[in-house]
Amino acid sequence: MNRIRLSVLAAGALLVAASSALAGEQVLNLYSARHYSTDQQLYDAFTKRTGVRIQRIEAGDEALLERLRNEGANSPADVVLLADAARLWKAQVEGLFQPVKSATLEKRIPETLRGRDDGAGSEWFGFSMRARMIVYNKQRVPPALVQNYEDLARPELKGKVCTRSGAHPYMLSLIGAISEHDGKHKTEEWAAGVVSNFARKPRGGDTDQIRAVASGECGVALTNSYYLARLMRSDKPEDRDAVAKIGAVWPNQASYGAHVNVSGAGVARHAPHRADAVRFLEYLASDEAQRHFVDANNEWPVVPSVKETNPALEALGEFKADPLPVAAIGRAQVTATRIIDRVGWR
Ligand code: FE
Numbered sequence: 009m010n011r012i013r014l015s016v017l018a019a020g021a022l023l024v025a026a027s028s029a030l031a032g033e034q035v036l037n038l039y040s041a042r043h044y045s046t047d048q049q050l051y052d053a054f055t056k057r058t059g060v061r062i063q064r065i066e067a068g069d070e071a072l073l074e075r076l077r078n079e080g081a082n083s084p085a086d087v088v089l090l091a092d093a094a095r096l097w098k099a100q101v102e103g104l105f106q107p108v109k110s111a112t113l114e115k116r117i118p119e120t121l122r123g124r125d126d127g128a129g130s131e132w133f134g135f136s137m138r139a140r141m142i143v144y145n146k147q148r149v150p151p152a153l154v155q156n157y158e159d160l161a162r163p164e165l166k167g168k169v170c171t172r173s174g175a176h177p178y179m180l181s182l183i184g185a186i187s188e189h190d191g192k193h194k195t196e197e198w199a200a201g202v203v204s205n206f207a208r209k210p211r212g213g214d215t216d217q218i219r220a221v222a223s224g225e226c227g228v229a230l231t232n233s234y235y236l237a238r239l240m241r242s243d244k245p246e247d248r249d250a251v252a253k254i255g256a257v258w259p260n261q262a263s264y265g266a267h268v269n270v271s272g273a274g275v276a277r278h279a280p281h282r283a284d285a286v287r288f289l290e291y292l293a294s295d296e297a298q299r300h301f302v303d304a305n306n307e308w309p310v311v312p313s314v315k316e317t318n319p320a321l322e323a324l325g326e327f328k329a330d331p332l333p334v335a336a337i338g339r340a341q342v343t344a345t346r347i348i349d350r351v352g353w354r
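Offset between the sequence shown (1-based) and the numbering used here: plus 8.
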């Protein structure tokens, strides 16, 4: 039982699971908020390479952080893998990570994609990149109307905008990044405009937004790039059909660029297997793991020398990315949370 769902685990059951390793067997306890089934291949490859078995606790970002807080110094967590800069930042300021100094990680991962480093090493590292895109229904919305995130507040889009909850990390990071560029006041005005354009109350994940745009229930929505790329590579007729009905936009190409974010990880503050935890992070920066993020989950590598072809990413084409450092995006979620509360983007 490598894969343990948090929702069915009582606290006591976790201790049993964590101690069920065979005598002499090396185990790494991974708390993961990545929710992509293809990642199992990644963990299996690490085990094959090192002999270290991965016991995965999988849950949403906030549930994992809550669990780490509650477990405190008794936590069995070795590595904490989160799906967004907003949550990585939160875990960092709450002291849930410990600094890691690794020549391999410093060499392979650009400084702008790492967490705080007070001299003892970085608290977390980004391992894959994604962008937040605009998708629109070709029948219902002219693309000229939706070239920028700011456009989603245009009065012409009344009753046509769909998003997931503003409280989701992907939205908080985006809204935080926008506030860094446009300022708090303008961003709050914009957010109120987006809410007044809603076609429906926020619900579902990014793929649900894409499907609702394809069906015509929504005219325009936001999605992380890999969800769109996954549908583009799907053989299912309903997915092909959905993709045919929508257009995709790289936002803000004439201004600050499309919002990009990372999935990343750090070593847990009280990691019982620290050396293997660092080894696992170094593995995530290896060519093999970086290619996995590209091929299996349609993300971009963080290691600049890794070049890998992915037909969907190629079809989406080159784009200008927002250069805002991920650490700034993390910090900005405080502002973003205040904004979504005030405008009721839930
Ligand atoms: Fe996701």
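For each residue, glycine too, the CB sits at the ideal point set by N, CA and C.
Beta-carbon proximity check, residue i vs residue j, cutoff 7 angstroms
i: residue 181; j: residue 94; result: yes
i: residue 310; j: residue 135; result: yes
i: residue 255; j: residue 151; result: yes
i: residue 90; j: residue 277; result: no
i: residue 60; j: residue 284; result: yes
i: residue 106; j: residue 314; result: no
i: residue 296; j: residue 138; result: no
i: residue 201; j: residue 161; result: yes
i: residue 108; j: residue 123; result: no
i: residue 268; j: residue 229; result: no
i: residue 316; j: residue 299; result: yes
i: residue 46; j: residue 304; result: yes
Residue range of the beta strand (DSSP E) that includes residue i
i: residue 101; result: Segment 93-101 is the alpha helix (DSSP H) holding residue 101; no beta strand (DSSP E) there.
i: residue 157; result: Careful: residue 157 lies outside any beta strand (DSSP E) and carries neither H nor E.
i: residue 90; result: 87-90
i: residue 228; result: 228-232
i: residue 268; result: 268-276
Neighbourhood of residue i by C-beta, 7 angstroms cutoff - its chain only, sequence neighbours within 5 removed
i: residue 16; result: Low confidence applies here, because residue 16 scores a pLDDT of 36, under 50, leaving its location unreliable; read the following figure in that light. For residue 16, where only same-chain residues beyond five positions count, there are no Cβ hits under 7 angstroms.
i: residue 343; result: 184, 187, 192
i: residue 189; result: 264
i: residue 112; result: 290, 293
i: residue 203; result: 351, 352, 353
i: residue 236; result: 141, 143, 218, 256
i: residue 250; result: 218, 219, 222, 239
i: residue 272; result: 90, 96, 132, 133, 134, 135
Any C-beta of chain D under 7 angstroms from that of residue i
i: residue 132; result: Going by chain labels, chain D is absent from the structure shown, which holds only one protein chain.
Other residues of its chain near residue i: CB distance less than 6 angstroms, five sequence neighbours each side excluded
i: residue 227; result: 145, 148, 149, 168
i: residue 246; result: none
i: residue 252; result: none
i: residue 9; result: Model confidence at residue 9 stands at a pLDDT of 35, short of 50, so the residue's coordinates are unreliable; what they give is reported in the following sentence. Around residue 9: no qualifying Cβ.
i: residue 281; result: 36, 86
i: residue 38; result: 62, 64, 87
i: residue 258; result: 266, 327
i: residue 116; result: 293, 311
Cut-off 8 angstroms between Cβ atoms - residues of its own chain near residue i, not counting five sequence neighbours on either side
i: residue 14; result: Annotation note: pLDDT 37 at residue 14 (below 50); position unreliable, coordinate value reported separately. Taken in chain order, the residues that qualify are 65, 66, 67, 71, 72, 75.
i: residue 345; result: 175, 180
Selected residue, minimal CA-CA separation from residue i, among the options
i: residue 157; options: 90, 41, 88, 141; result: 141
i: residue 121; options: 143, 56, 231, 92; result: 92
i: residue 214; options: 56, 231, 125; result: 231
i: residue 340; options: 46, 48, 177; result: 177
Run of the alpha helix (DSSP H) containing residue i, from where it starts to where it stops
i: residue 66; result: Run containing residue 66: none in the alpha helix (DSSP H); it sits in the beta strand (DSSP E), 61-66.
i: residue 113; result: 111-116
i: residue 4; result: The question about residue 4 has no answer here: the residues shown for the chain are numbered 9 through 354.
i: residue 134; result: Careful: residue 134 lies outside any alpha helix (DSSP H), inside the beta strand (DSSP E) at 133-145.
i: residue 40; result: Per DSSP, residue 40 belongs to no alpha helix (DSSP H); it is in the beta strand (DSSP E), 35-40.
i: residue 342; result: 341-351
i: residue 252; result: 245-253
i: residue 296; result: 295-303
i: residue 215; result: 214-223
i: residue 292; result: 282-292
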